[in-house]
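K.L.:
Numbering (this note's numbering), first residue to last: 2 to 311.
We treat Cβ as the ideally placed atom computed from N, Cα and C, and that holds for glycine.
Take this structure, written in structure tokens, and hold onto it; I'll ask about it next.
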Amino acid sequence: MDLRQLRYFVTLANERNFTRAAERLHIAQPPLSRQIQQLEHEIGAELIDRSSRPLRLTGPGRLLFEQAIQVLARVDEMRSMMSRALVIEKRRFVIGFVASTIYARLPELIREFRAAAPEVELTLLELVSLEQISALKEGRIDIGFGRVRFEDEEVRRTVLREEELVAALPISHPLAKIPGPVSLAQVAEEPLILYPRAPRPGYADQVIAHFHDNGLDPHILHEVRELQIAVGLVAAEEGVSIVPVSVQKARTDDICYKPLIETVTSPIIMSHRVSDTSPELALMANIIVRMYGIWGYAIPKGLKRFGAAD
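In structure tokens form, the structure reads like this:
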């Protein structure tokens with residue numbers, strides 16, 4: 002398959018009609034039909050239910066549609082990025098982050114960076130911790146904010162702080178109605194929703210390890226791709242989940258967040274290339290030190306190598 006076929010397929014899926022899709026693509030209908038048939042032949046499954054009016058996607062079609070949207074968006078982003086790089090000679094700084102750090106004050110750090118260095122083109126990429134390591138080594142990002150410790154001689158990590166984990170429960174759950182914190186043993190008796198499903202190892206393995214460290218085997222009901230899906234399933238009363246405490250800022254109307262009796266944390270880790278001495282990296286380190294002081298967090302000693310003051 003090629004990008005043209007994916008664009009044709011996405012347009013058809015949105016228009017739900019071959020004639021309108023062909024008009025929108027500025028091509029005749031027969032070439033569009035041939036391209037979709039070739040794509041179906043390569044996939045090995047029908048993507049469009051042609052018997053319905055308007056057209057509907059089949060199961061494989063819906064899956065391909067979701068993936069195609071992401072691929073095309075990434076290609077458009079890459080083209081836009083390259084165009085800007087060619088037209089505007091600006092320094093660039095690319096940040097990789099895991100979704101949960103968005104709740105853990107990362108937006109404030111980004112705002113401070115933009116204010117301090119408006120001449121720097123700042124780009125954000127959502128990447129799980131494992132993906133950040135390869136992205137750093139390949140030069141696709143300059144700094145990563147993740148939660149999982151990985152050893153790599155080309156990448157240096159600094160644990161910024163340990164964030165408390167809490168139990169996310171449906172608001173109607175019996176554990177939500179009892180006063181005070183709950184125990185991991187109580188949570189282990191409930192259907193557990195883990196994230197992310199892949200890649201592994203990851204945050205999900207940290208959660209499982211906390212249960213195992215306390216001699217417990219949780220009943221895992223769902224393993225989902227993203228934090229937002231896990232929280233949504235908790236709200237739907239599908240089970241419970243263990244999440245960073247900062248996540249409770251996002252949704253509280255139908256979910257109860259309960260502290261855990263045990264000391265259970267997940268690190269927030271800043272990673273960068275060992276050889277990186279860029280002023281942008283040093284600036285971010287100094288911003289972290291300054292803002293952590295304002296927020297009352299302990300200042301990470303590993304940031305002193307950037308000349309950051311306590």
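Enumerate, from N- to C-terminal direction, the unbroken alpha helix (DSSP H) stretches of 4 or more residues contained entirely within the region 81 to 129.
P.N.:
Entirely contained in the region 81 to 129, the alpha helix (DSSP H) runs reaching 4 residues are, in chain order, 107 to 117.
K.L.:
Suppose you measure from the CA of residue 275 to the CA of residue 152; what does that come to, to the nearest Å?
P.N.:
12 Å
K.L.:
Given a threshold of 16 other Cβ atoms within 10 Å of its Cβ, counted over all protein chains shown, does residue 143 qualify as buried or as exposed?
P.N.:
buried
K.L.:
Pick from 297, 282 and 9: whose alpha carbon is nearest that of residue 146?
P.N.:
Across the set 297, 282 and 9, the C-alpha of 282 shows the shortest separation from the C-alpha of residue 146.
K.L.:
Taking residue 278 as the reference, give the member of 307, 294 and 258 with the closest Cα.
P.N.:
Considering only alpha carbons, the answer is 307.
K.L.:
Go to residue 20, then tell me how far its alpha helix (DSSP H) extends in each direction, as first and last residue.
P.N.:
19 to 26
K.L.:
DSSP state of residue 216, grouped into three classes?
P.N.:
coil
K.L.:
Could you give the C-beta distance for residue 167 and residue 249, rounded to a whole number, given that I count them as a contact under 8 Å?
P.N.:
7 Å
K.L.:
When the Cβ atoms of the region 251 to 271 are set against those of the region 171 to 178, are three or more pairs found closer than 8 Å?
P.N.:
yes
K.L.:
I need the boundaries of the beta strand (DSSP E) containing residue 41, first residue and last residue.
P.N.:
Segment 30 to 44 is the alpha helix (DSSP H) holding residue 41; no beta strand (DSSP E) there.
K.L.:
Enumerate, from N- to C-terminal direction, the unbroken alpha helix (DSSP H) stretches of 4 or more residues contained entirely within the region 142 to 202.
P.N.:
Counting whole runs of 4 or more residues, the region 142 to 202 contains the alpha helix (DSSP H) stretches 175 to 178 and 185 to 189.
K.L.:
Contact check, residue 114 vs residue 123 under 8 Å by CB: the rounded distance?
P.N.:
7 Å
K.L.:
Quick check on residue 241: does DSSP put it in helix, strand or coil?
P.N.:
strand
K.L.:
Are the region 22 to 35 and the region 58 to 67 touching by the rule of at least three beta carbon pairs closer than 8 Å?
P.N.:
no
K.L.:
Can you find the residues in the same chain that come closer than 6 Å, C-beta to C-beta, to residue 207, ignoring five residues on each side of it along the sequence?
P.N.:
267
K.L.:
For my contact list, residue 65 and residue 10 are in at a C-beta cut-off of 8 Å; report their separation, rounded to the angstrom.
P.N.:
Between residue 10 and residue 65 the Cβ distance is about 7 Å, and since that is below 8 Å, they are a contact.
K.L.:
Start and end of the alpha helix (DSSP H) containing residue 298?
P.N.:
That residue, residue 298, is in no alpha helix (DSSP H); it is neither H nor E in DSSP.
K.L.:
For residue 271, list the residues DSSP reports as bridge partners.
P.N.:
146 and 159
K.L.:
Expressed to the nearest angstrom, what Euclidean distance is found between the alpha-carbon atoms of residue 36 and residue 6?
P.N.:
6 Å
K.L.:
Tell me the residue span of the beta strand (DSSP E) that contains residue 256.
P.N.:
256 to 260
K.L.:
By the 10 Å Cβ neighbour count, where 16 or more other Cβ atoms means buried, how is residue 132 classified, buried or exposed?
P.N.:
buried
K.L.:
Would you decide whether residue 4 is buried or exposed? Buried here means 16 or more other CB atoms lie within 10 Å of its CB.
P.N.:
Under this definition residue 4 is an exposed residue.
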